[in-house]
Amino acid sequence: YTAGNLTALSGTFFLAGPSRQLARMTTQHRWMASLAFVVSMVLTLIVASVGYFRMKGLIILLLVLIQWVALIWYGLSFIPFGRQMARAVIQRICCGGGSA
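Everything in the sequence shown is counted per my numbering, starting at 75 for the first residue and increasing by one.
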């Protein structure tokens with residue numbers, strides 16, 4: 075999964091250009107999702123590379139989940155009101171806000 079994300083990220087660097095892509099990733103409303111995405115990819119590769127230790131599989135699964143959530147959140151920032159709609163849906167599902 076992480077190798078695929080690295081390939082996709084490399085593809086966007088190739089298509090948009092490294093400086094333009096980095097500028098997009100570090101804008102005020104995207105930098106936290108970008109940082110979480112990149113850090114979780116690096117940590118996933120590090121944890122997967124080291125020898126066996128207890129809870130290794132669970133940690134990798136958690137890091138992959140963080141990658142997925144960060145990538146979705148980053149992608150929603152390109153859709154007008156995407157994050158606001160996602161927040162509203164999550165609040166409605168989790169908190170039961172609003173009537174059906």
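Quick reminder that beta carbons are idealized off the backbone N, C-alpha and C, glycines included.
Cβ-based burial, residue i [other Cβ within 10 Å; buried from 16]
i              : result
glutamine 141  : buried
leucine 137    : buried
tyrosine 126   : exposed
methionine 115 : buried
serine 88      : It is worth fixing the name first, because residue 88 is phenylalanine in this sequence and not serine. Phenylalanine 88 is exposed by the Cβ-count criterion.
threonine 118  : buried
serine 108     : buried
CA-to-CA distance, residue j to residue i, given in whole angstroms
i              : j            : result
glycine 91     : arginine 98  : 11 Å
threonine 76   : cysteine 169 : 32 Å
methionine 159 : tyrosine 148 : 14 Å
methionine 106 : valine 113   : 10 Å
Helix, strand or coil at residue i [DSSP, three-state]
i            : result
threonine 81 : helix
arginine 166 : helix
Contacts around residue i, its chain only, beta-carbon distance under 7 Å, and the 5 residues preceding and following it disregarded
i             : result
histidine 103 : Ser151
alanine 110   : Ile140 and Ala144
Residue range of the unbroken alpha helix (DSSP H) whose run includes residue i
i             : result
glycine 131   : 130 to 150
threonine 118 : 105 to 123
proline 154   : Taken as a continuous stretch (DSSP letters only), proline 154 belongs to no alpha helix (DSSP H), as it is neither H nor E.
serine 95     : In the sequence as presented, serine is not what sits at residue 95; that position holds glutamine. Where glutamine 95 is concerned, the enclosing alpha helix (DSSP H) stretches over 92 to 99.
Distance cut-off 7 Å: residue i Cβ against heavy atoms of the ligand SAH
i          : result
alanine 77 : In terms of ligand content, the structure shown is empty, and the ligand SAH therefore cannot be addressed.
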